[in-house]
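In numbering that gives the first Met the number 0, the protein residues as written are 0 to 215.
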Amino acid sequence: MKNIVILISGRGSNMQAIVDACAREAWPARVAAVVASRPDAPGLAVAASAGIATAAVDYRDFAEREAFDAALAAVVDRYQPDVVVLAGFMRVLTTAFVERYAGRMLNIHPSLLPSFPGLKTHQRALEAGVAVHGATVHFVTPRLDYGPIVIQAAVPVLAGDDEKRLAARVLASEHVIYPRAVRWFVEERLALDGTRVQVTPNEPQWMFNDVSGEAA
Ligand code: GRF
């Protein structure tokens, strides 16, 4: 039984998707804890109501990034994580923290990396006029929003899209690919081959969002 520790900063809809899939699909794992970077993160209540241990390490209590990350690692380690899952965790992590969980920390980013690392990805995608946007699950390395790609979901940018509508379309696909990636990890099906991630037995490491049911 593997321990999953999920780090959040906000509403935690990706966390919820992982919690639900873990139970529904009877993964060889449990969500041991959900840890937030702020005590008012709405996702904490969601996790608690699912009977999951919760904790918060308030980033505002720490002047230095190093001290925050050390406190965060102390809390995370209490739950003996096999995998640390960043799900809308809005803090840039130090190299020391990233290296502590090297090869066992995943992140989801709302763009088709390496396009649009950083913030405001949907707005930037609209401004750039791309026809395809999406989300990426990747192993975390010290470089922000970089690292070996586990799975990507592509969605079309449709006429009349604004940031909100595009974000909702991307988020729906995040809720599919993130549980899938974490499941592969806990089933020990992921292997790193240089910059590439291989899934064994092989499964598509991409998905295209079907928008046929979406209101125009
Ligand atoms: C998601 O779009 C995620 O990709 C990004 O922040 C958002 C978090 O949403 N990093 P939620 O907290 O999982 O609902």
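Just so you know, even glycine gets a beta-carbon here, dropped at the ideal spot from N, CA and C.
As the structure is a computational prediction, the values presented were derived from the model and not from experiment.
- Comparing C-alpha distances from His-137 to each of Val-131, Glu-126 and Pro-109 shows the shortest one belongs to Pro-109.
- Residue nearest to His-121 within the set Ala-16, Val-154, Met-104 and Val-56 is Val-154 (criterion: CA-CA distance).
- Here Ile-107 is actually not in contact with Glu-202; their C-beta atoms are around 18 Å apart, not less than 8 Å.
- Under the 10 Å beta carbon count, Ser-36 is surrounded by 16 or more other beta carbons and is classified as buried.
- Between the ligand GRF and the CB of Asn-13, the shortest heavy atom gap is smaller than 8 Å.
- Using a Cβ distance threshold of 9 Å, Ile-17 and Val-181 count as a contacting pair.
- Non-local C-beta neighbours of Gly-102 in its own chain, meaning closer than 8 Å and more than five positions away in sequence, comprise Phe-138 and Leu-191, ordered along the chain.
- Runs of the alpha helix (DSSP H) lying entirely within the region 48-88, each at least 4 residues long, are 64-76 in chain order.
- As computed with DSSP, Lys-1 is found in a beta bridge with Ala-28.
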